[in-house]
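For the sequence shown, our numbering assigns the number 1 to the initial residue and increments by one for each residue that follows.
Notes follow the structure.
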Amino acid sequence: MSQIELRKQSGLQAIKGSYEAENAYWVDVVRPFITARKTEIPGSYWENETGTPSPSYSDILELFMFKTYGNNELSFDYTFPANVTPYVIRVTFNTSDQITGMVSAS
């Protein structure tokens, strides 16, 4: 597996894993991101994607997918299917493939 693929998977795992770990990424980035998107995105989208117009955090976490990475291959963006929002969660790495940060971005 390539370094890019490893980072793509690691970033996605960090986003999804933040919920169970209830770590700083969950409290400061992921939960506020999901909460804001739940109110901005129509219930019909959530119902189509999850089967309910008011999905749980864990249901929404399962929707996250890789979107793109930066030219330096150290920042990776994740969002929801169907380009439903311009907002992403950006996960950054150092050159040793360790996660160094996570932020909400547009």
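Think of the CB as a built atom: it goes at the ideal place given N, C-alpha and C, for glycine as much as any other residue.
Check whether the Cβ atoms of residue i and residue j sit closer than 8 Å, and answer yes or no.
i, j, result
"I99", "A24", "no"
"Y57", "I89", "no"
"F93", "R37", "no"
Beta-carbon within less than 7 Å of residue i's beta-carbon, same chain only, minus the 5 sequence neighbours each way: which residues are those?
i, result
"K16", "L61, F64"
"L12", "F64, F66, Y78"
"V84", "I41, Y45"
"P86", "S106"
"V103", "V29, R90"
Let me know the secondary structure DSSP gives residue i once reduced to three states.
i, result
"F66", "strand"
"Y19", "helix"
"D28", "helix"
"I4", "helix"
Hey, out of the options, whose CA is closest to residue i's CA?
i, options, result
"G101", "F76, S54, W46, P53", "F76"
"P81", "T68, T92, D97", "T68"
With a CB to CB cut of under 6 Å and the five nearest residues on each side skipped, what residues in its chain are close to residue i?
i, result
"D59", "T50"
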